[in-house]
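Peer 1: First the structure, which I've put down as structure tokens, then a few questions once you've had a look.
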Amino acid sequence: MTATSVLEGVAESPFASNSTASWTMPWRVALTASLAVIVCGAVVGNALVVVVVVRNRGMRTRTNLFLCNLAVADLLCAVIDMPFSLVTVATGRWIFNDVVCKVRASAVSRHTRYLKLITCTKCCVCRFD
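Taking the numbering used here, the leading residue of the sequence shown gets -15, the next gets one more, and so forth.
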């Protein structure tokens, strides 16, 4: 196997380019369907976690409250951040304006990532108290 044959295989891959516009239609349909299932699963699953912890007083332990906080962060990510990715993959291009792009990149994505990281770290630290 030569280096050129490896590079040719990579160039034909739909993931070789950063632009989703160069992807073929079957790849975009498959990725859009996968993302839609993931978004729906994330919304339903994390909402159920929050409902169970809020409704059942016995579930309000310190660890479960951290998990509820993590579920809220995932829920925010699924509701606010993931639909933009879904629409971008489905259409093959970014259809929103620059302000939405900057807000999504700086505020939403970064803050939900930090919230998840801090929650997981705090959960690990408090686990051994």
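By construction, the Cβ of each residue, glycine as well, lies at the ideal position given by its N, Cα and C atoms.
For the alpha helix (DSSP H) that contains Asp82, what are its first and last residues?
Peer 2: Asp82 to Val87
Peer 1: What residues in its chain sit with their C-beta under 8 Å from that of Arg12, if we drop five residues either side in the sequence?
Peer 2: Thr4, Val73, Ala74 and Gly76
Peer 1: Exposed or buried, what is Asp65 when buried is set at 16 or more other beta-carbons lying within 10 Å of its beta-carbon?
Peer 2: buried
Peer 1: Counting beta carbon pairs with one atom in the stretch 47 to 62 and one in the stretch 92 to 102, are three or more of them shorter than 8 Å?
Peer 2: yes
Peer 1: For Val71, tell me which candidate among Cys24, Arg111, Val37 and Thr16 has the shortest Cα-Cα distance.
Peer 2: Among Cys24, Arg111, Val37 and Thr16, the Cα nearest to that of Val71 belongs to Thr16.
Peer 1: What did DSSP end up calling Trp78 once you bin it into helix, strand or coil?
Peer 2: coil
Peer 1: So Val27 and Val63 are supposed to be a Cβ contact under 8 Å. How far apart are they, rounded?
Peer 2: 6 Å
Peer 1: When we look at the beta-carbon of Asn40 and count the other beta-carbons within 10 Å, is it buried (16 or more) or exposed?
Peer 2: exposed
Peer 1: Quick check: what's the CA-CA separation for Cys52 versus Met9?
Peer 2: 38 Å
Peer 1: What residues in its chain sit with their C-beta under 8 Å from that of Cys110, if we drop five residues either side in the sequence?
Peer 2: Arg46, Thr47 and Phe50
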